[in-house]
Each structure stands twice: as C-alpha cells, then as structure tokens.
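A short write-up of the structure that comes next.
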Amino acid sequence: MTALMPTAFEAVTVDYAAVAPMLIVVGAALVGVLAEAFAPRLRRHAIQVGLALAALVASFAFLALVSVDHHTVTAGGSIAIDGPALFLQGGLLIFAILGVLTMSERFGGRSADAFTPMGAATPGSPAESAADRAGYATSEAFPLTMFAVFGMLMFVSANDLITMFVALEVLSLPLYVLTGLARRRRLLSQEASLKYFILGAFSSAFFLFGAALLYGYAGSSDLADIATAITTANSAYEGLLLPGVVLVLIGLLFKIGAVPFHSWTPDAYQGAPSPVTGFMAAATKLAAFGAILRFTYVGVESSRLEWRLGVAAIAVLTMVVGAVLSVTQTDIKRLLAYSSVAHAGFILVGVLAFDVTGVSGVMFYLLAYGLATIAAFAIVALVRSGGSEATHLSQWAGLGRNHPVVAGIFALLLLAFAGIPLTSGFTAKFAAFAPAIAHGGLAGVVMVVVGVLASAVTAFVYFRLIVLMYFTEPTGDKVVALTPSIASTIAITVGALGTVILGVVPGPILDLAGRVSQFIQ
Amino acid sequence: MSGFPLLTVMMVVPLVGAAVVALLPGGSARLAKPIALATSLVTLALALLAWARFDGDGSSDRYQLTETHSWIPQFGVSYALGVDGIALSLIVMATILTPVCLLAAWNDLGEDAEPQREKTYFALMLVLLTFMVGVFAARDVFLFYVFFEAMLIPVYFLIGLFGGPRRQYAAVKFILFSLVGGLVMLVAVIALYFNGPGGEQGFLYEALEGGVTASTTTQRWLFVGFFIAFAIKAPMWPVHTWLPDAASEARPATAVLLVGVLDKVGTFGMLRFCLGMFPEASKWATPVVITLAVISVIYGGLLAIGSRDIMRLIAFTSISHFGLIVLGIFAMTSTAGSGSALYMINHGFATAGLFLIAGFLITRHGSQRIADYGGWQRVTPLLAGTFLVSGLSSLALPGLSSYVSEFLVLTGTYQRYEVAAVIATLGIVLAALYILLTYQRVFTGPRPVFLEGREPRDLGLREKLVVVPIIASFLLLGAYPKPVLDLVNPAVKQTLDLVGVTDPAPTNASGSAQ
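Chains as they are written, first to last, in the working numbering: chain P, 1 to 521; chain C, 1 to 514.
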C-alpha cells in the first residue's frame, strides 16, 4: 500500500469557479459567527437573516450562471462538480433559502419565534426567563444553518470517502444543535437533540469503518479508484469489499431514515423547531440521497449484484414500516416523520434501478418532496393553541372551516404526499417508479408493487387528516392559525406553487433532470 | 388536429364556471346556482355540437375531434384528446345528467344554507363535470389515468362535506377502494409504456392498440392490473362494497353522477383498455370475468331485494346491471358489445331517475328507510308515477330504454355462453321483484297520516323539470335507439376487430376462449 502514497506533498489545483457556491456559503457562515460576536444584540436577527439570504441567493446565482459550465473533478479528485451535483446543489440552495425564510418568522416578536432565547439555560429555569426578558436570542441558528448547508453542498459532490465523511459531519453537527433549540417544549427538544446526536455519531462510526475497509480493499478512498479496483478484481483483500460497502451504506441510509435505521426520525422531527424540521427533512434527505447515488453509481456499481437485494429489502421494509406506523400517529409532526420514512423508501426504489433515468427520477422526487415538506412544516408552525404549536391531530379538527386558506394549502400538500395526479407527488412517483420497472427486473417490479400498496396506506393517513380538517367539528380547544409574515408566506407560496407546477407542467424540470443525470466517472 | 379544440373547450368551460362560482363575492352568492346551471347547459350545447360534427358512419377514423399536444415527452405523455362513438355517447350522457343533477340539487342544502357551503357544493359538481368529460375524451393512457384519479377528489369532498350522517366513513371507504385500484393500475400503466412502442408519444391509444409487444405472461399481468382497477370502479362482486355506502351517504345528485357516470369509467375502461390493448389476455381471462359478472348480476339483485334503505337498494340494482354490462363486453360478440355500450347510457338515465326521485321522496319525509313509507301514491301521485316509470325502465320493460340494451346483451351473450346468459336472465326476474316490491311498500297501501298542514306536496315545477328529460330518454331510447346504436356500433366493431374475434361461428370462438 505504501507505494500508492504520494512521495511529497503537492498542492492540489482547485477550479474555483466550480466550487465557489460552496465557498460563498461557508464564507457567509464564518461572517455570521463574527456578527454574532460583534453586532449589537437587537440588530442581530436582521443582520443574520439578511446575510444568510444574500449569500444563498448569490451562491445560487453563481451556480446557475458560472458553475454550470465547469463540469470537472477538482481539488485533487475529492470534489466532483457534474450534472447531478449541480442539480442537487441548486435544489439544496433553494431549500436553504426557503428554510431560512421560515426560520426567520417572528410573528411580531423581537427574535425568531421558533428558537429558544438561550439554548444553554435549563428549561423552565429563572435563567431562561431572564434571558427572554433581556432580549437574548439564538440568532446563531442562522450561521449554524449555513454551515449545515455547506456540508450538504459538499456531501452531494464528494468524490472520495474522506471528503464525504467530512461533509457528513459538517452537515450533521449543526443540525444536532439546531434540533435542540426549540422555544417551546424544551425538554422534548433537548431529548430529540441528544438522541439524534448519539445515533448520528453511531452511524458516522459505521460510515468511517466502512470507508476504512474500502480503503483497505482498493488502496484508495477515491470513488473512481474503488470502481477500478472492483472491475480489475485482483485485490488481495477481496473479502473487504462487501463489508465495506454495507457499512458505508448503513451510514448513508441512516441519514435518509431508512428502516431499520429510522428510529431517530420521529423524535428528531417532533422535537426540533418546526421550520428546522422542514429544512432538515427536505435538505438532509436530498443531500444524503445525493451521496447514496454517487457512492453507488460511481463507486461500487460493478459489485451491485452482491448487495442490491439487501438494499431492495431495506427499501421494501422502509416503505411498509413507514406507511404502517404513520397510521397510528396522533402527532402531526411524528406523522409527517413516518411519512418521510415511507417516502425515503419510494425514492430508494428509484435509486435501485441503476440507470440514468433512475438518477433523474430520484432527483426530481427529491426536489418535489422537499418543496412540499418545507411548506408543510411552515404551516405546522402556524397552527397554534394557547401560543404553542397545536401538534395533536385532534386539534386540527375543523381547521378548514375557520382557516380555509391555510387548510386548503395543507390539503394540497397532503394530496401531493399521497401522490394524486396533477400534483408534484404523482409525477415524482412516476419518475422514480418507471425506471425501476423498466430496468429493475423482477425485484424492481416487486418493489414498485409494494410501493403503490404502501402509497395507498399513506394515502389513508393523509385523507384521514383531510377528513379531520374539513369534515369534523372543531373540538373545544381554541386553535388558531397565525398570520404569517411575508417571509413565511413566500416560503409557503413557493412550496405550494412548486407542488402544482411540478404536477401540471413538469416537462422543463424533468428535462433538466434528464439532461444532467450523468455522473462524471 | 384541424380546427376548433372542441373537447378542450368542453373541459375549460365548466372549470371556468367552477372558478367563478367559487370566487363569487358574498353579496352576489345567490347567483352561484344560476351560473352553475348555465355553465352546465353551455357544456351540454357543446357536447351536442360535438355529436353533430362527429362522423359516425364507421368509414372514417375511429378517434375524431382529435387534439394532440406534447405534455411530458420525457414520460411519453401527450395531451391528446379524441372520441369514438362510445366515448362521445358517454360524454353526451354526462353533460345531460349534470344540469339535471344541478337542478335536482337546487335546494339540497336548504333555503338558509351558508352561501360559502352552497358555492363549494356547486363548484365541486362543475369540477367533476370537467373531469368526466376529460376521462372519456382522453386519447392517452397517462392522461386517462390522471383524470381517473383526479376525479376522486371532487367526489370525495362531495360525499364527505355534504353527505348523510355516516359521510366520513363512506367518503374514506370510497377513496381507499378507488385509490388501491388506481395505484395497482399505475403499475400496469408504467409497465404498459415499456412494453409498447415507446417514444415521446408512447402513451397514445393508437400507439398501444395492437402495439403491445410483451410476452403472453406480461400481457396477462398488465390485463390484471387494469382489470382490478376497473372492476373496483364498475363495481363488480367481490369489490363492490364501497358503492352502497357511498351511494346511500351521498346526496342523490352526487349519487347519480357517481353511479351513473363515474362508474361507467370502469366498464368503458374494460372495453377500451382490456379488450383493445390486451386482446389475448382478455380471451384468457374471459371465463373468470364472465363468472364474476354473472355473480354480480344475481348477488346485486338478491341484496337489492333484501335492502331496507331505498338508496342502498338502488346501489345494489346498479351492481346487478353493471354485471350485465360486463357480461356483454366480455361475451365479445358485436350484438352484446353494442348492447353493453347502449346499456351504459340507459343505465345512466335509469339510475338518475331512481336516485333523484327517491331523493325527492326522502326530502319530503326525511327518511331513507323503506319501512317508513307506505301509501304515498295517494299523497304524491306524480312522484309515485315517475318513480314507477323509472323502475320499469330499470327492470327492462319492453318499450322502455333498458329493454333494448338488456335484450341485446343477453342474446349476444347467448351466441357464445349459453349457460351464463340463461343464469343472467334470472337477474331480470330479480329486477322485477325488487322494483315492484319497493313500489308496493313505498307507494301503495292506506293513505299515510300527516300532521295538520304538514301534508307533503307533489312534484313542483323544478322537480318536474328534472324528471322530464329523464322520462323522455326512456321513451326515446326505448322506441328509437338507432341514433345511439349508430354511434356506438362502429366503435364496438373496431374494438372487436382489435381483439380478432368474428361474430357468428360460436363453436370456433368458444374453442379459442378456453
């Protein structure tokens, strides 16, 4: 193995035009930390939100205008900016913009409504209320979000396992913190944060161990080198390949919430502040699927016969467990969490097609699902009872009568989750399932059949919720939907419009996803 | 391709009407119902214009009034419309029934209903009309599927928001049955594309009729995928259980559109997709389908006789009649096929008559239980008389419309499946029982006693306007069914040509069906 080590340290060349979107985001995150230290407390909210949004928009503009012409493998082979990476990064930046908009919601207060004034204070303690009176606010949530976005941007373009691991940690750690910052139900939030952190750290260990085994197998952590090593198949350590692949996949499947690595999902989704949940559900899922696509399609595709059935079994399990458990939920956030588990299974079906059409289908699904999810959690944050979020399902009874617009948009999003035609959910399911039928063989067809049956189960859940909102008399609880600020309104509108547009005229986006679905090997 | 996009306009008009009705400001909410009715009448006029422009002599193209635009080329999906005679006749039926139903539903929500609720109710019916036209006018499998599923949403809300006491249960049951069928079909729809010619227009009917190149086994699976969805929709025994609940909890007008029009999508789909695209698989499945159809005929009839609820009774009679329609389709003779196509129309009107007049009765007395009635013929003679006529049409009395179609189905079936035809004929006996028994229990007997001044009135002007076109259709189609038969015959013949069966030689054909 020593022969492969570089003899002397060489500076790598970096194509800055290709990676600038990431640099803009991480730069803004660092400036945000400085602003947290030096800007006056009362101004911080405006500064942080403005900075984050400006950086994200600039990053997206740069990506769309300049980086698209820089398809390359750069930074010493560790970053690949190719079609899928660009598409997914663009999606991530859109999600981040919408996420920051929803997180900035103040409902007329001084600071972001979703976040506690002081994360370190004991819940319910005098220190906490004192912090609130003094006007403290955890405006560091925004730089943390930016670090997470940076990690995600890197995750979908990471072309070797070390970079992938670094990106995984960079995106995860800020999310663990953000999960624990909810303003209300602090204990639940902190518990969620701790669970997410411990299980996340555990899965990172799996990933790292798998990466080490693959390094042992191929003599390199570069995905292209691993692919070459598999095709030449003269490694002395043949037995390391399968365990390595499996362990890396466990680390990645944890992030998408696939069964049996899903147990953190409901707790983290419930405990985290709702706007963070929406952002996390949309963006983490997209980033993690980006990494799964790259790892499986670029790195270990040639060995897929050895592990494909195992992942197919996980996909089936994920769809069934996610769908069935969502039936029994009584909390809206946990319900959406289990439905996100089921959706992860649907997307895995598309991944396992092993065809470029599968890549474009998966990317389309991620975009459609993320837009709807961010808007859905933004609406969850609006529905209040006595100041805190009314998350128990019974509290949503009769919402359609009192708040027709909010309930109407939420119903539209539920129809999209259920996969009803003329919404993005249907197009997305079609885009993910069609390649599985065309290229997935018998296993693909079986997965799709399980998928549609699981869809029917989840549809039952969503329709029951619509029944509750429209056909049921309100309970005694005084439940109101707050009037959102312009920022949340934009996020919800974009989510709802995207859901309709991707359902009615999906052609342009499908076309785009289809054109950029080829990985650089 | 040439000329005016008539079918698209027929879908846009109700949609615009629905938007106008839904967005009416509070002050002018009382305009909601007239606008809805006017919109549906305009759509009816357009449908009649389409009929006039349709060239039905069988020599020209099967699909006419066509429009084709690329929609999602990545999936092979086109926005393609076009009708054959069967589709056109169903569209005309739907556009006639919609204004009739709107008129029947005029006071469904009471005189002092919230304007918001009333606007929603009528807007949803108009949205439904758009989808009903779309589902029959689609010339692309994907587009058909989109309408097939999207149609569920307005019906779901119509039942769930405006139905009877158990409306939530009925609405969820309805949507779940339909969705399961639809999702199973989705798998078949996707697989169909990959087993067809493919390409950017790979979902067009013309590309797939005779263009499915899959192995026999695959074709059979595809057939099963489509057939399950259509059997749930139609509905056939044993997947019929959602219909009685949905029909009895829905408002009568909704029930008419649901049973009279929407469920026809099931039988329409069997004819168009199962027979047209998987002819070999259809022949393979015939023994099972015929058996299920015969069971539906008898079982539906028996349950109707046992029903205590008048709306459930009508729903069960429909299951029986759908059995006959399916029987006619899978008998695969031109007589039976034409009979089935005609039956779809006649059944729509007969059901409308029964449901709506029963609805008038229920409005007067506030009960759906048959036992709560008796002797009403002495109080409301006109209502009783029109119900009897609708019932007689439903039981296929000669001279009224259903007789023609039922006769065609049974003789056509007899040419190939004697036993099935004979057993199905028992369904007619059952029909006589459930209609006449119901009439006897509800309308004959001693005059019921009412409180002073609470005597129910006979049919009013609005109700007469509802009943007249329905009764007229019984008489017209009973005495002179030729216009409709001329319309559907070429399409039926073309379908059977696709299947590759020839009419007379029964011995030969029964051999191939085994």
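Here a beta-carbon is modelled for each residue, glycine too, at the ideal position from N, C-alpha and C.
8 Å Cβ shell around residue i - same chain, five flanking residues per side excluded
{"i": "C:Ile-7", "result": "According to the sequence shown, residue 7 of chain C is Leu rather than Ile. Closer than 8 Å at Cβ, skipping near neighbours: Ala-50, Leu-65, Glu-67, Leu-81, Gly-82, Val-83, Val-133, Ala-137."}
{"i": "C:Arg-369", "result": "Arg-308, Asp-309, Ile-310"}
{"i": "C:Arg-441", "result": "Ile-370, Ala-371, Tyr-373, Gly-374"}
Helix, strand or coil at residue i [DSSP, three-state]
{"i": "C:Trp-71", "result": "strand"}
{"i": "C:Glu-418", "result": "helix"}
{"i": "C:Arg-528", "result": "This structure does not reach residue 528 of chain C, given that chain C is present from 1 up to 514, and the question cannot be answered."}
{"i": "C:Tyr-79", "result": "strand"}
{"i": "P:Asp-331", "result": "strand"}
{"i": "C:Arg-251", "result": "coil"}
{"i": "C:Phe-131", "result": "helix"}
{"i": "P:Asp-355", "result": "coil"}
{"i": "P:His-403", "result": "coil"}
{"i": "C:Thr-66", "result": "strand"}
{"i": "P:Val-383", "result": "strand"}
{"i": "P:Glu-191", "result": "helix"}
{"i": "P:His-343", "result": "helix"}
{"i": "P:Ala-182", "result": "strand"}
{"i": "C:Ala-479", "result": "helix"}
{"i": "P:Glu-389", "result": "strand"}
Residues of its chain near residue i, where Cβ-Cβ distance is below 6 Å and the 5 sequence neighbours each way are ignored
{"i": "C:Glu-463", "result": "Phe-360"}
{"i": "P:Val-66", "result": "Ala-17"}
{"i": "C:Ala-304", "result": "Leu-313, Phe-316, Thr-317, Tyr-434"}
{"i": "C:Ser-282", "result": "Cys-274, Leu-275"}
{"i": "C:Phe-54", "result": "Gln-64, Leu-88"}
{"i": "P:Leu-348", "result": "Ala-315"}
Own chain residues within Cβ distance below 7 Å of residue i, not counting five before or after
{"i": "C:Gly-300", "result": "Phe-316, Thr-317, Ile-319, Ser-320, Gly-323"}
{"i": "P:Phe-519", "result": "Asp-82, Pro-84, Arg-294, Tyr-297, Val-298"}
{"i": "C:Pro-197", "result": "Ala-207, Gly-211"}
{"i": "C:Val-518", "result": "It is not possible to answer for residue 518 of chain C, since the shown part of chain C is limited to 1 through 514."}
{"i": "C:Val-42", "result": "Val-13"}
{"i": "P:Phe-206", "result": "Leu-247, Ile-250, Gly-251"}
{"i": "C:Tyr-403", "result": "Ala-396, Leu-397, Gly-478"}
{"i": "P:Ser-488", "result": "Leu-101, Thr-102, Glu-105, Ala-378"}
{"i": "C:Ala-123", "result": "Ala-18, Val-21, Ala-22"}
{"i": "P:Ala-58", "result": "Ile-24"}
Residue i burial status per 10 Å Cβ neighbour count (16 or more: buried)
{"i": "C:Gln-514", "result": "For C:Gln-514, the pLDDT reaches just 36, beneath the cut-off of 50, and the residue's location in the model is therefore unreliable, leaving the point undetermined."}
{"i": "C:Arg-139", "result": "buried"}
{"i": "C:Ile-329", "result": "buried"}
{"i": "C:Val-466", "result": "buried"}
{"i": "C:Arg-167", "result": "buried"}
{"i": "P:Pro-260", "result": "exposed"}
{"i": "P:Arg-334", "result": "buried"}
{"i": "C:Ala-52", "result": "exposed"}
{"i": "P:Ser-326", "result": "buried"}
{"i": "C:Asp-245", "result": "buried"}
{"i": "C:Pro-238", "result": "exposed"}
{"i": "P:Lys-285", "result": "buried"}
{"i": "C:Val-429", "result": "exposed"}
For the stretch 445-461 of chain P, which residues have a beta carbon sitting closer than 8 Å to at least one beta carbon of chain C? Cβ contacts with chain C: Val-445, Val-448, Val-449, Val-452, Leu-453, Ser-455, Ala-456, Ala-459, Phe-460.
Ordered list of alpha helix (DSSP H) runs contained in the stretch 174-215 of chain C, each at least 4 residues: DSSP runs (the alpha helix (DSSP H)) wholly in the stretch 174-215 of chain C: 205-208.
For a minimum of 3 consecutive residues, which ranges assigned as the beta strand (DSSP E) are wholly contained in the stretch 4-77 of chain P? List check, beta strand (DSSP E) in window: 72-74.
Could you run through the stretch 217-233 of chain C and flag, in chain order, every residue whose CB is less than 7 Å away from some CB of chain P? For the stretch 217-233 of chain C, which is checked against every Cβ of chain P, not one residue is closer than 7 Å.
Interfacial residues, the stretch 14-34 of chain C to chain P, with Cβ spacing under 8 Å: Those would be none; no residue qualifies.
Which residue spans inside the stretch 365-430 of chain C form an unbroken alpha helix (DSSP H) run of at least 4? Runs found: 381-394, 401-414.
Output, in sequence order along the chain, the residues in the stretch 122-148 of chain C whose CB is closer than 9 Å to any CB in chain P. Those residues of the stretch 122-148 of chain C that come within reach of chain P (Cβ to Cβ, closer than 9 Å) are Phe-142, Tyr-145, Val-146, Phe-147, Phe-148.
Between the stretch 359-380 of chain P and chain C, which residues of the former have CB atoms less than 7 Å from a CB of the latter, in chain order? Result list empty, no residue passes.
Could you run through the stretch 183-207 of chain C and flag, in chain order, every residue whose CB is less than 7 Å away from some CB of chain P? For the stretch 183-207 of chain C, the beta-carbon criterion of a distance under 7 Å to any beta-carbon of chain P is satisfied by Leu-183, Val-184, Leu-186, Val-187, Ile-190, Ala-191, Phe-194.
Just by C-beta distance, which residues in the stretch 169-182 of chain C are closer than 8 Å to chain P? So the close ones are Ala-171, Val-172, Ile-175, Leu-176, Leu-179, Val-180.
Positions along the stretch 13-25 of chain P whose CB lies within less than 7 Å of some CB in chain C: The stretch 13-25 of chain P vs chain C, Cβ under 7 Å: nothing.
For the stretch 51-76 of chain C, list every residue whose C-beta sits within 9 Å of some C-beta in chain P, in sequence order. Residues Ser-70, Trp-71, Ile-72, Pro-73, Gln-74, Phe-75.
Please list, in chain order, the residues of the stretch 86-115 of chain C that have any C-beta partner in chain P closer than 9 Å. Close to chain P, meaning a Cβ-Cβ distance shorter than 9 Å, is no residue of the stretch 86-115 of chain C at all.
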